[in-house]
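S.K.:
Set out below in structure tokens:
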């Protein structure tokens, strides 16, 4: 395999197939989130044109926008965790990890485990909402004009939460196995 297929990392040995598949799942969800940003921009621009040109708003824009924004956040969260780009204070951990690499790795793994637990709780509550939406046929919009069922949005939110929680667990294992020392 060559570097372009994602199987090698930094010219090193080939990565295990499971790691390559997992990476593609995480990055695929991030790509889907990015595509949804474009779709949301088109919907909002179309709504602006309709408001200014025809004096009326498009149906579902505000409801759809609210669900899509939440969906985008959770679809891209696992890639954010993987890239170590979560917003957090970096004043303590990097110097601590440079001085005490092993203990710093344990502390970083603890952060990752707390993140996984929090996302697990969010996922649990999202599952309950998804079940309710599925059972009751919950929808957004105005009956007779335009409606959409909410369960597909909830399912993608749950998928994003689940993948991000697993990515936190993967990061915890990585931090426990090989604590980083070069934190520039």
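Residue numbers (my numbering): -14 to 169. Glycine is no exception: its CB is placed at the ideal position from the N, C-alpha and C atoms.
Which of the three DSSP states, helix, strand or coil, is assigned to residue 116?
M.R.: helix
S.K.: Is there contact between the region -1 to 11 and the region 36 to 51, where contact requires at least three CB pairs shorter than 8 Å?
M.R.: no
S.K.: So the alpha helix (DSSP H) residue 153 belongs to, where does it begin and stop?
M.R.: If you look at residue 153, you'll find it in the alpha helix (DSSP H) that goes 136 to 162.
S.K.: Beta carbon of residue 111, beta carbon of residue 124: below 8 Å?
M.R.: no
S.K.: According to DSSP, is residue 43 part of a helix, a strand, or is it coil?
M.R.: coil
S.K.: Report, in whole angstroms, the separation of the C-beta atoms of residue 104 and residue 153, which I expect to be a contact under 8 Å.
M.R.: 6 Å
S.K.: At a cut of 8 Å, does the region 54 to 63 reach the region 128 to 145 through at least three beta carbon pairs?
M.R.: yes
S.K.: Roughly how many angstroms lie between the CA atoms of residue -10 and residue 14, to the nearest whole one?
M.R.: Low per-residue confidence applies at residue -10: pLDDT is 47, beneath 50, and the placement is therefore not dependable, though the value from the model is reported in the following sentence. Rounded to whole angstroms, residue -10 to residue 14 spans 18 Å at the Cα level.
S.K.: Around the C-beta of residue 122, are 16 or more other C-beta atoms found within 10 angstroms, so that it is buried, or is it exposed?
M.R.: Here residue 122 is exposed. Its C-beta has fewer than 16 other C-beta atoms within 10 Å.
S.K.: May I ask you to report which of helix, strand or coil DSSP gives residue 132?
M.R.: strand
S.K.: State buried or exposed for residue 130, treating a residue as buried only when at least 16 other CB atoms are found within 10 Å of its CB.
M.R.: Counting every other CB atom within 10 Å of its CB across the protein chains shown gives residue 130 a total below 16, marking it as exposed.
S.K.: Can you give the Cα-Cα distance for residue 38 and residue 19, rounded to whole angstroms?
M.R.: 29 Å
S.K.: Between which two residues does the beta strand (DSSP E) containing residue 124 stretch?
M.R.: 124 to 127
S.K.: To the nearest angstrom, how far is it from the Cα of residue 78 to the Cα of residue 162?
M.R.: When rounded, the distance between both Cα atoms is 17 Å.
S.K.: Please work out which residues of its chain come closer than 7 Å, Cβ to Cβ, to residue 115, disregarding the five sequence neighbours upstream and downstream, and give them in chain order.
M.R.: Taken in chain order, the residues that qualify are 136, 139, 140, 143.
S.K.: If we ignore side chains and look at the alpha-carbon of each, how far apart do residue 90 and residue 118 end up?
M.R.: Spanning the two alpha carbons is a distance of roughly 41 Å.
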